[in-house]
Structures are given as structure tokens and as C-alpha cells.
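For reference, the structure discussed in these notes is given below.
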Amino acid sequence: MRNKRVLLMVEIAIFAALGFVLDFVAFRMPQGGSVSLVMIPIVLMAFRRGVAAGVVTGLLVGLLQIVTGFISVAPLSFGFVVMQVILDYLLAYGVVGLAGLMRGRYLEAVRAKKTGNVIIMVALGVLIGSFLRYAIHVITGILFFGMFADGNVFIYSAAYNATYMIPVAIVAAIVCSLLFLTAPRLTQPDS
């Protein structure tokens, strides 16, 4: 029992570090956000070990970004910056782990050897995680970056965050689908 717990913690740490490193291969947006591969290890852990492991992996990715200073913050008071960082990094990356909600159906599709269903479950998982992350970024955009808006702050935040979150979701869905199809053992911890 203890060895399994240690193995899980090691896997989470490795995948979080991989997510952090993959975020360096990115197209950075001027006011924060980037098109990168950061979500792939979080989604992989969510499908490999479940929602809790995926959420913890995402939280660690966000924490690594915070402690290393690779963050974009609004020019606000310290208290607001802390709230913005918690939302934009810890919570936003943590919710990506909710992609694991599709894990059960994904595993059923793998066992049944239904390739189309495997792709659909992976894409739905990525869509869940991406949409929730996007929603959090929109909220932080409204609350903390509204001073950059020309006109309606909701439309500004929704549009700005969509410019990088839509490509991130598409890339993550494609890469994860290909990865999970070609190496299904990655998502099975007992293999």
C-alpha cells in the first residue's frame, strides 16, 4: 500500500515537472496566457490515475510557475495580485485535472478496442479541462485585467482568452488522442 502511494506521488511530481517544462515551448501572449503543451501531462495523469491525481498535478504545475516567477500579473495591489495568481495559476491548472472525469468511459473504450470512442473520450476530457481553465481565465480577466478593455470587459476577456485557449485545447486533444492511441499503456498505471 505504501509503495503504491509513493509511486503515485512520484508520478504526479514527474508529470507536473514535465508540464512545467513543456510550458517553455510556447507562443506567449502580450498580457498573459500562452499556446503551449502544458496541459498534456496534466490530462495524461488525469486519465492514468483519475481526477484527484490530475487536479494535484495541475496544482503543482501552477505552483511551479508561481515559485519560479514565470507568471503574468496585473498591476494591482498585493492582495489582488495574490488572488489573481491563485485563480490564474493554481485553480486554472488544477481544474484541467477534471479531464479525468472521462477516464472510466475511456478505459471501457480501450478494453472494447473502439478507437473512435477512445478519441471521443479523450477529446471530451480535454474539452472539460480546457473549458474550465478558460472560464477561470475569463473571470480573472474581468476582475483583474479590465483596465485593458476597450468597451465591454466581458467580451474583451472572453475574446482575449479564447485566442490562446482554443488552440491549446485543439493541440492538447490531438496530441493526447494520438499519444493515448499509440501508447495506451501510458494511461494504465498497473502495466
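Residues in the sequence shown are numbered from 4 upward in steps of one, following this note's numbering. For each residue, glycine too, the CB sits at the ideal point set by N, CA and C. Note that the structure is predicted; figures quoted are calculated from it, not measured.
- DSSP lists 31 as the beta-bridge partner residues of residue 37.
- In its chain, beyond the 5 residues on either side, 156 have a beta carbon closer than 7 angstroms to the beta carbon of residue 149.
- Inter-segment contact for the region 84 to 92 and the region 39 to 52 is absent: fewer than three beta-carbon pairs are separated by less than 8 angstroms.
- Going by C-alpha positions, residue 125 is about 8 angstroms away from residue 106.
- Inside the region 59 to 142, DSSP marks whole alpha helix (DSSP H) runs of 4 or more residues at positions 81 to 88, 106 to 114, from first to last along the chain.
- If the five residues before and after residue 121 are omitted, its C-beta is found closer than 7 angstroms to the C-beta atoms of 109, 112, 113, 183, 184, all from its own chain and listed in chain order.
- Counting every other CB atom within 10 Å of its CB across the protein chains shown gives residue 58 a total of 16 or more, marking it as buried.
- In the displayed model, residue 53 falls within coil according to three-state DSSP, outside both helix and strand.
- In the DSSP annotation of this structure, residue 190 is not part of any alpha helix (DSSP H), being labelled neither H nor E.
- Residue 6: member of the alpha helix (DSSP H) spanning 5 to 25, first to last residue.
- Under the three-state reduction of DSSP output, residue 165 falls in the helix class.
- Check the Cα spacing between residue 101 and each of 170, 129, 146, 65: the tightest is with 129.
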